[in-house]
Every structure is written in structure tokens, then in C-alpha cells.
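Presented below is the structure to which this report refers.
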Amino acid sequence: MKINLKRVKDCKVQMQVEVDANTAEGRYLEVMRDFPRAAQLAVFREGKAPMELVEKRYEAQAREEVLKSLIPEVYHRSVQDQKVSPVTLPKISDVKYQRGQKLVFHAEFEESPNFSVKNYKGIGLKRVSSEIAHDELEKGIQSLLESRATFDPILEVRPVQQGDFIAADLEVWKDGVYIPGKNGVLLSVEPAAEDDFFDKILGANIHDTREILRNGQPSTRLKVTDLLKKNVPALDEDLAKSLGRQTVDEFRESIRKELVSYKQRDSIEKMKQELFQKLLKMANFSLPESLVEKQKERLFEQTRRQYTQAGVPQETWKEELPGLEGELDLKAKEQVKLYFILQKISELEKIEPDEVEIVEKLKALCAQSGRALEEVRRVFEDDLRESMREKMTVDFLIANAKFEEN
């Protein structure tokens with residue numbers, strides 16, 4: 012077998028493989044031996060046709076079977092011999108093969124980038140203290156009380172005042188395009204810099220209609236349907252008990268613990284983002300274009316779903332998505348680059364997930380999906396292993412970082 016490998020651009024690889032005539036002929040004969048069993052030719056019983064007639068009748072099919080079986084086998088052996096790590100399926104072309112001659116084919120694919128990364132231990136990271144100050148606790152408690160507030164009608168017949176809340180029916184225009192409105196929307200009557208809502212609604216009465224301008228253009232037509240007052244409950248023992256605590260002090264302590272937990276999670280997430288940005292600057296290398304394009308497509312789809320779930324009309328997000336192309340392209344490149352950097356570090360540090368833990372997670376997926384273990388393993392094991400390895404690598408880097416308390 013002869014292999015001619017050429018790296019043409021970035022991570023693209025072109026490989027020409029020649030399989031000697033003896034190997035190709037041997038595979039042809041193996042394939043042809045199976046044909047007499049199924050061959051049905053006139054005047055001969057099944058499986059009893061002479062080999063010469065079988066070969067003549069099934070020569071084209073046998074050739075196809077040789078190519079289907081031998082090319083993938085030889086390709087995988089070739090990339091192993093050349094110590095190449097493909098990250099895409101090969102495009103097979105220029106296949107040349109005739110009975111009794113050598114098999115030649117051309118394979119093009121993208122490989123993992125070749126780069127080095129150093130000094131990844133001891134990366135400086137900022138760590139936010141999880142201590143909760145008194146004013147943070149009070150703010151958290153007030154936020155929870157606000158979330159349990161009720162909005163009761165103001166019985167007094169009067170115009171809208173600052174600090175009121177109104178229920179309103181809305182009609183909306185965005186860039187001159189009408190967007191179906193909503194009824195009974197709750198709005199706070201407070202000054203807003205981006206439009207003239209406050210000026211227009213102040214002094215309005217129930218059933219009055221106002222047209223709101225944004226940047227000098229009509230954006231909303233609003234009809235006041237109710238005038239409301241916000242009633243925030245007092246923090247007392249009855250409220251504490253309704254929330255599963257026996258006393259006000261127990262309630263305050265539970266809120267403090269929740270805030271500490273949130274602050275710890277937020278601190279870890281911020282450290283990860285800082286770590287990722289610093290890792291991205293530690294190595295420069297070309298990226299497989301096809302992987303970047305696939306990741307970009309995933310990001311587009313995620314963004315589209317977010318627009319849909321937020322109730323944004325299809326015609327609106329279709330107009331906006333093309334404008335996000337540059338941003339999503341950059342994000343896709345960063346994510347693919349970070350993937351290879353973390354993969355490289357995991358190789359250098361020999362980070363591998365525990366096999367027992369993998370099996371336990373696969374069994375849990377079996378219980379959730381109702382599928383057999385072998386099917387779940389075939390579908391999910393590679394992704395699960397990769398995800399666990401990546402998490403372990405990030406945990407390793409954070410555990411070996413140098414922290415600056417903030």
C-alpha cells in the first residue's frame with residue numbers, strides 16, 4: 012500500500028492511496044465466492060451456476076462490493092499509519108479500479124490542528140467573595156416580597172399618577188411593521204428615557220387611548236383598561252410560615268443561604284468565562300472550517316429558537332438574523348478553538364473520566380429513555396465521555412489557578 016499525504020491549507024488534508032493489485036484481487040475473489048450461493052441463472056438451480064457464468068453476470072456488482080468494503084478499511088488503516096486525526100468524514104474521489112489491477116483513490120478531509128499550549132497552570136483568575144452584606148440581604152428579601160405583591164384596582168376615580176400601575180391593551184409597530192398586540196399588559200407608570208410613555212400616559216383616564224412615540228416614530232398604541240395599586244406584603248411570621256419557615260429569623264437565614272449559593276455559582280461561572288478568554292489567547296492555530304461552519308449553524312438555530320420562544324414574529328427574526336452573522340461567526344470560532352485547547356490540555360494531563368461513572372450515567376439515561384443499555388451506549392457514550400472530560404479539564408484548570416479575591 013502506498014500513501015501520498017499532503018497538507019494543503021489550514022487543517023485540510025489530501026491523501027492518495029494505492030492498494031496493490033494482489034490485495035485488490037484477493038478482496039474481489041472473497042466477494043465473488045459469496046455470489047454463487049444466491050446466484051439464480053436460467054437452467055441452473057440456485058447456487059449451482061458455474062463460476063465463469065456467475066463472474067460474467069455479477070462482475071459489476073462484485074466490483075462495487077470491493078470498493079464499498081475495501082476503501083473504508085484502507086482509509087482507516089492509512090490515517091492510522093500516517094498518525095493523522097481526522098475531524099470530518101473523508102470525501103472520496105478519483106477512484107480507479109479494474110479487475111486484476113491496483114485500486115487507487117483520493118481522500119480529502121480536515122484534521123485536528125497541530126499546536127502547543129503552555130503555562131496553563133497558575134492562570135490568574137478573579138474570585139468574588141460569597142459573603143453577603145447586610146444591604147444585599149435586605150435587597151434580596153425585598154425582591155422576594157415584591158414577587159409576591161398583589162395588584163388591586165384603585166377604586167377612586169382619578170387620572171393616572173406617577174407610581175401607579177395600569178393594565179392596558181397594546182398595539183405595536185416595529186420599524187413601521189405592525190406586530191399583533193396583547194391585552195391586559197401590566198405597566199409601571201415611571202419615567203423612561205427611550206420613549207414618551209410617561210409623558211403621554213400621565214393624566215390619562217380609564218378607557219383613554221394614547222399613541223407612544225420612540226425616536227419620534229409611532230411605536231405603540233395603548234388603551235388604559237384599569238388603574239392599579241401595588242401591595243407588597245409585610246415580612247411577618249404569617250408570611251414566613253406560608254413560605255415554609257417557622258419564624259422571621261429562619262426566613263431571613265434561608266434567604267441569606269440562597270444568596271450565598273447563587274453568588275458562589277455566579278462566581279464560578281465568571282471564573283470560567285475569564286479562564287476561557289485567557290485560554291483563547293494562549294495559542295494561535297488554524298481551525299477546521301467545516302467544524303466552524305457546523306457550530307455557526309447550531310448557534311443560528313439556538314438564536315432562532317430563542318426568538319420563537321420569546322414570541323418574536325418570524326418575519327422579524329428573519330430580518331435580524333443576517334445582521335448577527337459576524338457575531339455568531341466569531342462566537343463559533345472561539346468555541347471550536349476552545350474545544351481543541353481543552354482537548355489538548357486533557358491529553359497532556361491524561362485526564363479521563365471514570366469508567367464506572369460513565370456506566371452509571373448511561374444507566375440513568377436508560378431509565379429516562381426506556382432504551383436498552385447497548386443502544387444508549389452506541390448513541391450517547393462518545394458525547395458523554397467528551398463532555399465529562401471537558402468538565403474535568405475545566406475543574407483541573409480552576410483548581411490550579413491563582414486567585415485574586417474581589
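In terms of our numbering, the sequence shown opens at residue 12 and continues consecutively. Just so you know, even glycine gets a beta-carbon here, dropped at the ideal spot from N, CA and C. A quick note: this is a predicted structure, and the numbers were derived from the prediction, not measured.
Report buried or exposed for E57, applying the criterion of at least 16 other Cβ atoms within 10 angstroms of its Cβ. Residue confidence is low: E57 scores 48 on pLDDT, short of 50, so the model does not pin down where it sits. No coordinate-derived value is stated.
Which residue marks the beginning of the beta strand (DSSP E) containing R225, and which one marks its end? T220 to R225
Classification of S89 by the beta-carbon crowding that lies within 10 angstroms, buried from 16 upward: buried
Considering only DSSP beta bridges, list what V196 is partnered with. A179
Cβ-based burial, L81 [other Cβ within 10 Å; buried from 16]: buried
When you compare only the Cα positions, how much space is there between R169 and K241? 16 Å
Do L239 and D180 have their C-beta atoms closer together than 8 Å? no
Quick one: does the C-beta of F126 sit closer than 7 Å to a heavy atom of the ligand MN? As for the ligand MN, it is missing from this structure, which has no ligand bound.
Starting from the C-beta of V405, find all residues in its chain whose C-beta is less than 8 Å away, skip the five residues before and the five after it, and write them out in chain order. K283, L286 and L353
What do you reckon, are the CB atoms on Q173 and L213 nearer than 8 Å? yes
What is the rounded straight-line gap between the Cα of L52 and the Cα of Y69? Annotation note: pLDDT 45 at L52 (below 50); position unreliable, coordinate value reported separately. Their backbone Cα atoms lie some 11 Å apart in a straight line.
Quick one, which of Q275, G322, L349 and E416 has its alpha-carbon nearest I190's? G322
Rounded straight-line distance, which links the Cα of F176 to that of D146: 27 Å
Helix or strand or just coil, what does DSSP make of D249? helix
Quick check on this structure: which residue in E142, L359 and G37 has the alpha carbon closest to the alpha carbon of D277? E142
Is there contact between the stretch 364–382 and the stretch 340–350, where contact requires at least three CB pairs shorter than 8 Å? no
Mind checking whether D31 and M43 have CB atoms under 8 Å apart? no
Look at A412 and G187 and say whether their C-beta atoms are less than 8 Å apart. no
Apart from the five residues just before and just after L302, which ones in its own chain have a Cβ nearer than 8 Å to its Cβ? V98, T99, E121 and V347
Own chain, CB closer than 6 Å to S96, minus 5 neighbours either side, in chain order: E122 and S123
Give the list of continuous alpha helix (DSSP H) stretches no shorter than 4 residues that lie fully inside the stretch 238–290. 248–253
Local Cβ density within 10 Å of F116, reported as buried at 16 or more and exposed below that: buried
Go through its chain and collect everything with a Cβ distance to V54's Cβ below 6 Å, but skip five positions before and after it. Note that V54 scores 43 on pLDDT, short of 50, meaning its location in the model is unreliable; the coordinates nonetheless yield the value given after this. Same-chain partners within the cutoff: there are none.
Taking DSSP as the reference, what is the three-state secondary structure of N33? helix
Distance, Cα to Cα, D394 vs R382? 17 Å
Between Q288 and G192, what straight-line distance do the alpha-carbon atoms span, to the nearest angstrom? 41 Å
Taking the beta carbon of S357 as the centre, do at least 16 other beta carbons fall within 10 Å, making it buried, or is it exposed? buried
State buried or exposed for P229, treating a residue as buried only when at least 16 other CB atoms are found within 10 Å of its CB. exposed
Would you kindly check if the distance between the Cβ of A178 and the Cβ of T231 is under 8 Å? no
R159 to Y273, Cα distance in whole Å? 20 Å
Excluding five sequence neighbours on each side, which residues of the same chain lie with their C-beta closer than 8 Å to the C-beta of L349? F287, L290 and L291
Using a Cβ-Cβ cut-off of 8 Å (strictly less than) and excluding sequence neighbours within five positions of L40, which residues of its own chain qualify? none
Assigned secondary structure, A50 (DSSP; H/G/I helix, E/B strand, else coil): Its pLDDT being 49, under 50, A50 is placed unreliably in this model, and the value from its coordinates should be taken loosely. DSSP places A50 in coil when its eight states are reduced to three.
Residues bridged to S398 [DSSP beta-bridge criterion]: DSSP lists no partner for S398.
Is it buried or exposed for R38, if we count other Cβ within 10 angstroms and need 16 for buried? buried
Can you give me the C-alpha to C-alpha distance between V24 and G151, rounded to a whole angstrom? 57 Å
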